[in-house]
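Start counting the sequence shown at 167; every next residue gets the next number (the working numbering).
See structure below.
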Amino acid sequence: MSNISLAQRVQKLVTLCDQRGFQDLDDLLLAALLKDASPAICMTEGCNNTADMEPDQDQGFCEACGGKTIISALVLAGLI
Ligand SMILES: [Zn+2]
Numbered sequence: 167m168s169n170i171s172l173a174q175r176v177q178k179l180v181t182l183c184d185q186r187g188f189q190d191l192d193d194l195l196l197a198a199l200l201k202d203a204s205p206a207i208c209m210t211e212g213c214n215n216t217a218d219m220e221p222d223q224d225q226g227f228c229e230a231c232g233g234k235t236i237i238s239a240l241v242l243a244g245l246i
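Put into structure tokens, the structure is as follows:
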């Protein structure tokens, strides 16, 4: 997923925090690290569908737009 710009990564992570009710990125990543499932978000432009995925998921199926475009917060943040 190295073709994703830093700005896009940050934007999607902020959106994921907002949608899941996390105070900030630290909260989101901590929750992801403590569980078997990580919050994840679709990377398609204009599609901000979220789901819970395996922590190392980087091509999860998006029910909203039909792409294999859902990426976990941990991958998005570059932690995996
Ligand atoms: Zn989508």
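The beta carbon of each residue, even a glycine, is placed where N, CA and C say it ideally should be.
_C-alpha gap between residue 244 and residue 195, whole angstroms_ = 11 Å
*For residue 178, is the classification buried or exposed, using 16 other Cβ atoms within 10 angstroms of its Cβ as the cut-off for buried?*
buried
*For residue 184, which three-state DSSP category applies?*
helix
*So, helix, strand or coil for residue 217, using DSSP?*
strand
*When the Cα atoms are used, what is the spatial distance from residue 193 to residue 229?*
26 Å
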